[in-house]
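Heads up, the thing below is written out as structure tokens.
Dropping the structure here:
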């Protein structure tokens, strides 16, 4: 599949779950959720509003992942591309980080980048308090990046917390393959928990919230089944690790 864009030598692909994210954002806005970019809501305005939020989400996730990929290159990991999810990204690796310390740093730098972006957005919003449109945009940027940073601390691949968990298990055991299997299993376990939470919320009538939980569960499940924290070349190794994690 051809990449959507190339940036800093990386091929960037979009996961199909972005379609679901756009649908959920649009649905939320038609229900009146969130501050408006314009004072008079309308159907057309809601669609433009949803596209704006989706664009902010895309840029935030892209910056998070590109910065992380650059740090990975500096620490001995080969990253040739990124598959972006609405909650983060899945790196396409040619080679593993050489040591658990480097692996942990690669995982930690992503959430840190998101928290820095959130702080910058908050600061800009405070400086531009007399411009309501800018305040709304920076408010969304702050919330989006804060949420991306917090979600990516969850210890489940392909989230950055999953890589940090793998790094800690690798450091503790001295066995990278064993650590990878257990990190993937943790991701599958978190996916199951989130799916149950989503179903409970759906039963209680909290449809949008329930579907968001289900969407995150789907991302974690697919990553756990595909072996998201191991190199994508050769593909057979990636499939074998994922199969042993099941």
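In this note's numbering, the protein residues as written are 58 to 303. Glycine included, every Cβ here is placed at the ideal spot set by N, Cα and C.
To the nearest angstrom, how far is the alpha carbon of residue i from that of residue j?
i, j, result
"residue 152", "residue 129", "10 Å"
"residue 133", "residue 155", "6 Å"
"residue 124", "residue 259", "36 Å"
"residue 209", "residue 189", "30 Å"
"residue 161", "residue 220", "7 Å"
"residue 142", "residue 281", "14 Å"
"residue 107", "residue 79", "7 Å"
"residue 158", "residue 164", "10 Å"
"residue 305", "residue 243", "Beyond the ends of the chain as shown, which are 58 and 303, falls residue 305; an answer cannot be given."
"residue 149", "residue 187", "43 Å"
Looking at residue j and residue i, is the spacing between their C-beta atoms short of 8 Å?
i, j, result
"residue 72", "residue 140", "yes"
"residue 82", "residue 110", "yes"
"residue 137", "residue 67", "yes"
"residue 198", "residue 178", "yes"
"residue 182", "residue 192", "yes"
Pick helix, strand or coil for residue i, following the three-state DSSP scheme.
i, result
"residue 211", "coil"
"residue 147", "strand"
"residue 177", "helix"
"residue 255", "helix"
"residue 186", "coil"
"residue 133", "coil"
"residue 262", "coil"
"residue 232", "coil"
Roughly how far, in whole angstroms, is the beta-carbon of residue i from the beta-carbon of residue j, given that I think they are within contact range, below 8 Å?
i, j, result
"residue 272", "residue 77", "5 Å"
"residue 215", "residue 263", "No, residue 215 and residue 263 are not in contact; Cβ-Cβ is about 26 Å, not under 8 Å."
"residue 275", "residue 74", "7 Å"
Spatial neighbours of residue i within its chain, please: CB distance less than 8 Å, with the 5 preceding and 5 following residues excluded, ordered by chain position.
i, result
"residue 226", "235, 236, 239 and 240"
"residue 230", "236"
"residue 270", "251, 252, 254, 255 and 258"
What residues in its chain sit with their C-beta under 6 Å from that of residue i, if we drop five residues either side in the sequence?
i, result
"residue 167", "121, 125, 209 and 217"
"residue 266", "258"
"residue 202", "117, 171, 174 and 175"
"residue 277", "213, 244, 247 and 248"
"residue 233", "227"
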